[in-house]
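Chemist: Structure incoming, see below.
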Amino acid sequence: MANQIPEPIIEEVKKTNDIVDVIGEYIQLKKQGKNYFGLCPFHGENTPSFSVTQDKQIFHCFGCGKGGNVFSFLMEMENFTFYEALKYLADRSGVELPTASIPKETSLSEETEQMLSAYEWLTKLYHHLIKYQKDGKDGLEYLKSRGLTKETLEEFQIGYAPDKRDFTAKFLIQKGYSKPLLLKSGILAGNDNNEVIDRFRGRIIFPIRNALGRTVGFGGRAMHDDSGPKYLNSSEGELFQKSKLLYNFDLAKRHIRKENEAVLMEGYMDVISVYQAGVKNVVATMGTALTETQAKLLNRYVDTVIICFDGDSAGIEARYKSALLLRSVGCDVRIANLDAEEDPDSYVREHGGEAFKERVLRTSDSYMSFFMRYQRRHFNLQLESERIEYIERVLKELSMIESALEREYYIQELHKEFDLSVDTLMSQLAQYQKSQPSAKDNQRDKSYTKPYVPANKKKLFPAYVNAEKRILSYMLQDAYIAEKVQYELGAGFNVNDHKIVATHLYAFYEEGNSPDISLFMERLSDEHLKNQVIELAMSSDVQHSTEEEIDDYLRMIHREADQSPAKKSLKEQQRKAEQENDPLEAARLAMELIRLQKQNNEK
Numbered sequence: 001m002a003n004q005i006p007e008p009i010i011e012e013v014k015k016t017n018d019i020v021d022v023i024g025e026y027i028q029l030k031k032q033g034k035n036y037f038g039l040c041p042f043h044g045e046n047t048p049s050f051s052v053t054q055d056k057q058i059f060h061c062f063g064c065g066k067g068g069n070v071f072s073f074l075m076e077m078e079n080f081t082f083y084e085a086l087k088y089l090a091d092r093s094g095v096e097l098p099t100a101s102i103p104k105e106t107s108l109s110e111e112t113e114q115m116l117s118a119y120e121w122l123t124k125l126y127h128h129l130i131k132y133q134k135d136g137k138d139g140l141e142y143l144k145s146r147g148l149t150k151e152t153l154e155e156f157q158i159g160y161a162p163d164k165r166d167f168t169a170k171f172l173i174q175k176g177y178s179k180p181l182l183l184k185s186g187i188l189a190g191n192d193n194n195e196v197i198d199r200f201r202g203r204i205i206f207p208i209r210n211a212l213g214r215t216v217g218f219g220g221r222a223m224h225d226d227s228g229p230k231y232l233n234s235s236e237g238e239l240f241q242k243s244k245l246l247y248n249f250d251l252a253k254r255h256i257r258k259e260n261e262a263v264l265m266e267g268y269m270d271v272i273s274v275y276q277a278g279v280k281n282v283v284a285t286m287g288t289a290l291t292e293t294q295a296k297l298l299n300r301y302v303d304t305v306i307i308c309f310d311g312d313s314a315g316i317e318a319r320y321k322s323a324l325l326l327r328s329v330g331c332d333v334r335i336a337n338l339d340a341e342e343d344p345d346s347y348v349r350e351h352g353g354e355a356f357k358e359r360v361l362r363t364s365d366s367y368m369s370f371f372m373r374y375q376r377r378h379f380n381l382q383l384e385s386e387r388i389e390y391i392e393r394v395l396k397e398l399s400m401i402e403s404a405l406e407r408e409y410y411i412q413e414l415h416k417e418f419d420l421s422v423d424t425l426m427s428q429l430a431q432y433q434k435s436q437p438s439a440k441d442n443q444r445d446k447s448y449t450k451p452y453v454p455a456n457k458k459k460l461f462p463a464y465v466n467a468e469k470r471i472l473s474y475m476l477q478d479a480y481i482a483e484k485v486q487y488e489l490g491a492g493f494n495v496n497d498h499k500i501v502a503t504h505l506y507a508f509y510e511e512g513n514s515p516d517i518s519l520f521m522e523r524l525s526d527e528h529l530k531n532q533v534i535e536l537a538m539s540s541d542v543q544h545s546t547e548e549e550i551d552d553y554l555r556m557i558h559r560e561a562d563q564s565p566a567k568k569s570l571k572e573q574q575r576k577a578e579q580e581n582d583p584l585e586a587a588r589l590a591m592e593l594i595r596l597q598k599q600n601n602e603k
């Protein structure tokens with residue numbers, strides 16, 4: 001695919017999308033030396049082994065071996081074709097693609113593309129109706145009464161579905177979409193009379209977008225109490241899976257990365273109101289309990305998640321369950337406090353965005369503080385037996401906390417409240433620590449200060465193989481070195497993969513290209529060779545190379561080539577011919593050795 005697209009276009013898109021910035025939108029990256037490190041998004045790990053090199057514009061995971069450039073990262077991460085990755089990055093940086101000359105390929109099935117297209121049409125239609133048409137007036141007035149501005153309606157593309165059974169069906173069928181497809185997608189619903197009707201009719205529409213900003217479903221809020229459930233979501237399907245999506249994630253993700261924390265809520269209106277008030281790193285579940293998939297998605301972006309659910313009893317229970325799940329995947333959790341009758345939306349409308357930031361988010365409790373308050377709800381502390389059980393439960397939880405300072409703080413709290421000696425509490429805590437797995441065993445250890453050490457011992461190669469690897473690494477970064485090696489060695493590498501990479505690299509430079517590992521990779525169609533190039537490029541820095549070092553490597557490679565079985569046999573025969581005083585045979589064998597050497601250089 002890549003070689004059908006003009007290279008200047010690929011190069012322009014690549015130059016305007018720094019790989020650190022793009023990958024940084026998916027995972028936390030922290031600088032360590034010249035490179036950036038993070039937890040690999042392609043396999044589970046505790047220690048960051050995923051490396052991004054800014055000057056070479058490539059990434060490589062030392063754990064699972066995946067590597068590539070900014071295009072291959074998106075292709076792997078989003079299941080994009082090369083064209084889709086190119087288009088996404090071009091749109092991201094404002095580069096206009098000459099669409100007539102670029103063949104379009106998609107990783108999505110034709111049916112899925114049609115579903116997405118139908119959702120896109122309806123998003124525009126419903127939004128247009130609430131803004132300009134009589135049919136959407138009631139919905140618009142309701143949203144205004146909730147304090148939403150026109151700018152917010154626009155940003156979230158909120159709309160209204162007319163209270164007409166066949167309005168949407170007629171619209172989409174006229175656009176060429178088939179009834180079976182619309183029923184399968186959940187956009188329309190069927191009834192007992194074999195009619196196709198709009199399942200969202202008479203509701204305010206909240207488009208639900210995936211991480212790339214494409215509408216994959218709707219949330220509909222009823223305008224009247226007798227209109228069925230208050231909130232109705234699209235049915236589960238290929239595109240819309242509540243357990244994997246977070247509402248507003250597409251808009252919030254860059255703010256989450258900037259703030260290095262995410263605020264997790266329960267409902268659409270909570271998110272929209274708080275976002276409008278200036279807190280933009282905010283997302284919500286889809287009206288269901290937080291799932292492990294959603295928790296891991298948040299953990300990939302940030303260390304800290306503030307849980308901000310309703311203040312009622314159900315909200316407190318949901319906070320506890322969500323906190324346990326987020327901590328289990330490695331998040332640092334804080335819990336915002338709201339009164340029993342409050343939710344984020346009502347708080348912001350009454351007190352404003354700044355008060356919400358200062359009095360709710362910035363004063364949020366640590367997990368341990370919340371845990372103690374939560375547990376108190378389940379014990380009658382006037383009873384001695386329940387006091388002891390409560391203290392034991394708190395100590396067991398403290399035994400899982402890694403921070404000695406934090407443990408000391410809460411031990412002092414227990415000491416003051418229950419008049420127990422610190423020594424007694426610490427002794428009991430120590431017993432629990434011996435019997436409980438440590439916090440490190442239960443949470444990801446996101447250490448960016450220590451270098452990654454592979455679980456398996458690194459394979460040891462013969463000296464000549466390491467010499468070939470090092471010299472190829474330099475050749476990838478310096479055209480002069482490549483020219484020198486081509487003159488003195490040609491393709492005379494001993495390892496077959498190295499011969500192939502060198503041959504491609506000679507051709508790349510002969511076309512007038514400057515060293516560019518990311519661009520060179522696009523020339524290779526074989527994934528195995530691409531991974532070889534990534535490993536070679538990450539292995540050394542050409543700035544530390546010397547002429548003497550390169551000459552040593554070349555001698556080592558030549559020496560190994562001279563030790564090949566065929567050459568050894570010819571040299572032995574030549575030695576015998578000379579001993580037997582047979583100069584003609586010795587000369588013939590010498591010519592054969594020269595021919596073999598020339599043949600090796602041409603491979």
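Numbering-wise (UniProt numbering), the sequence shown opens with residue 1 and increments by one.
For each residue, glycine too, the CB sits at the ideal point set by N, CA and C.
Since the structure is predicted, the reported quantities are computational estimates derived from the model, not experimental observations.
Which residues share a DSSP beta bridge with K31?
Modeler: DSSP, once it has assigned bridges, lists Y36 as partnering K31.
Chemist: Whose C-alpha, out of G202, G219 and G159, is nearest the C-alpha of G186?
Modeler: Closest by alpha carbon: G219.
Chemist: Use the C-beta contact count for F37: other C-beta atoms within 10 angstroms, 16 or more gives buried, fewer gives exposed.
Modeler: F37 comes out buried.
Chemist: State the DSSP-derived secondary structure class of N233, mapped to helix, strand or coil.
Modeler: Of the three classes helix, strand and coil, the one that applies to N233 here is strand, per DSSP.
Chemist: Is K499 close to the ligand SAH? I mean its beta-carbon at under 7 Å from any heavy atom of the ligand.
Modeler: Absent from the structure shown: the ligand SAH. Ligands present: none.
Chemist: Looking at C-alpha atoms only, which residue of E580, V333, I335 and S243 is the closest neighbour of M286?
Modeler: Among E580, V333, I335 and S243, the Cα nearest to that of M286 belongs to S243.
Chemist: So, at 8 Å on beta carbons, what are the nonlocal neighbours of V485 in its own chain, with the 5 sequence-adjacent residues on each side left out?
Modeler: The answer, listed in chain order, is I471, M475, A502, I550 and L554.
Chemist: For R595, which three-state DSSP category applies?
Modeler: Of the three classes helix, strand and coil, the one that applies to R595 here is helix, per DSSP.
Chemist: What's the C-alpha gap between N456 and N46?
Modeler: A caution first: N456 carries a pLDDT of 43, below 50, which makes its placement in the model unreliable, though a value can still be read off. Rounded to whole angstroms, N456 to N46 spans 15 Å at the Cα level.
Chemist: Which whole runs of the alpha helix (DSSP H) in the stretch 159 to 236 are 4 residues long or more, in chain order?
Modeler: If we require 4 residues or more, the alpha helix (DSSP H) runs fully inside the stretch 159 to 236 come out as 167 to 174 and 179 to 185.
Chemist: Go through its chain and collect everything with a Cβ distance to residue 647's Cβ below 8 Å, but skip five positions before and after it.
Modeler: Outside the shown range of the chain (1 to 603) lies residue 647, about which nothing can therefore be said.
Chemist: From K14 to V70, what distance separates their C-alpha atoms?
Modeler: So the alpha carbons of these two residues sit roughly 7 Å apart.
Chemist: Answer with buried or exposed for L398, where buried requires no fewer than 16 other C-beta atoms within 10 angstroms of its C-beta.
Modeler: Per the 10 Å Cβ criterion, buried.
Chemist: Under 8 Å, do E266 and A284 count as touching if we go by C-beta distance?
Modeler: Yes, the pair counts as a contact, with Cβ atoms nearer than the cut-off.
Chemist: Three-state secondary structure (DSSP) at H43?
Modeler: Residue state, collapsed to three classes: coil.
Chemist: Ignoring anything shorter than 4 residues or poking outside the stretch 67 to 153, list the alpha helix (DSSP H) runs there in chain order.
Modeler: Counting whole runs of 4 or more residues, the stretch 67 to 153 contains the alpha helix (DSSP H) stretches 70 to 78, 82 to 93, 110 to 132 and 137 to 145.
Chemist: Spatial neighbours of H60 within its chain, please: C-beta separation below 6 Å, excluding the five flanking residues on both sides.
Modeler: Correct list, in chain order: S51, G67, I534 and M538.
Chemist: At a cut of 8 Å, does the stretch 491 to 505 reach the stretch 24 to 33 through at least three beta carbon pairs?
Modeler: With the cut-off at 8 Å, the stretch 491 to 505 and the stretch 24 to 33 do not touch.
Chemist: Residues in its own chain within less than 8 Å of Y88 by CB, not counting five upstream and five downstream?
Modeler: L74, E78, F80 and L212, listed in sequence order.
Chemist: Which word fits D339, buried or exposed, when buried means at least 16 other C-beta atoms lie within 10 angstroms of its C-beta?
Modeler: The residue in question, D339, is exposed, as its Cβ has fewer than 16 Cβ neighbours within 10 Å.
Chemist: Between N466, A430 and H415, which has its C-alpha nearest R387's C-alpha?
Modeler: Minimum Cα distance to R387 is reached at H415.
Chemist: Please report the distance separating the alpha-carbon of A467 from that of I557.
Modeler: Looking at the two C-alpha atoms, the distance is approximately 7 Å.
Chemist: By a C-beta neighbour count over all protein chains shown, 10 Å radius and 16 as the cutoff for buried, is D198 buried or exposed?
Modeler: When all chains shown are included, D198 counts as buried.
Chemist: Nearest to Y275 by CA position, among D55, V333, Y347 and C64, is which residue?
Modeler: The option with the nearest alpha carbon to Y275 is Y347.
Chemist: Could you give the uninterrupted runs of the alpha helix (DSSP H) lying entirely in the UniProt domain "Toprim" (260 to 341), keeping only those of 4 residues or more?
Modeler: For the UniProt domain "Toprim" (260 to 341), whole alpha helix (DSSP H) runs of length 4 or above, ordered along the chain, are 268 to 276, 292 to 301 and 313 to 328.
Chemist: Can you give the Cα-Cα distance for R588 and Y464, rounded to whole angstroms?
Modeler: One C-alpha to the other measures close to 29 Å.
Chemist: Reducing DSSP to helix, strand and coil, say where N456 ends up.
Modeler: Any reading at N456 must be qualified, since the residue scores a pLDDT of 43, below 50, and its modelled position is unreliable; no value is offered.
Chemist: Kindly indicate which three-state DSSP category S51 falls into: helix, strand or coil?
Modeler: DSSP places S51 in strand when its eight states are reduced to three.
Chemist: With burial defined as no fewer than 16 other Cβ atoms inside 10 Å of the residue's Cβ, what is the status of L423: buried or exposed?
Modeler: The identity of residue 423 in the sequence shown is Asp, whereas the question assumes Leu. Its Cβ having fewer than 16 others within 10 Å, D423 is exposed.
Chemist: First and last residue of the alpha helix (DSSP H) that includes H415?
Modeler: Per DSSP, H415 belongs to the alpha helix (DSSP H) from A404 to F418.
Chemist: For K175 and S525, what's the separation of their Cα atoms in angstroms?
Modeler: Cα to Cα, K175 sits roughly 40 Å from S525.
Chemist: Could you check whether C331 and L290 sit closer than 8 Å to each other, using their CB atoms as the reference points?
Modeler: No, these two residues do not count as a Cβ contact at 8 Å.
Chemist: Buried or exposed, going by whether 16 or more other CB atoms sit within 10 Å of the CB of F418?
Modeler: F418 should be labelled exposed.
Chemist: Alpha carbon to alpha carbon, what distance is there between I517 and T288?
Modeler: The straight-line gap from Cα to Cα measures roughly 46 Å.
Chemist: If you run the structure through DSSP and keep just helix, strand and coil, what is A240?
Modeler: What sits at residue 240 in the sequence shown is Phe, not Ala. F240: coil per DSSP, three-state reduction.
Chemist: Going by other Cβ atoms of all chains shown within 10 Å of its Cβ, with 16 needed for buried, is Y119 buried or exposed?
Modeler: Classification of Y119: buried, given that the 10 Å Cβ count is 16 or more.
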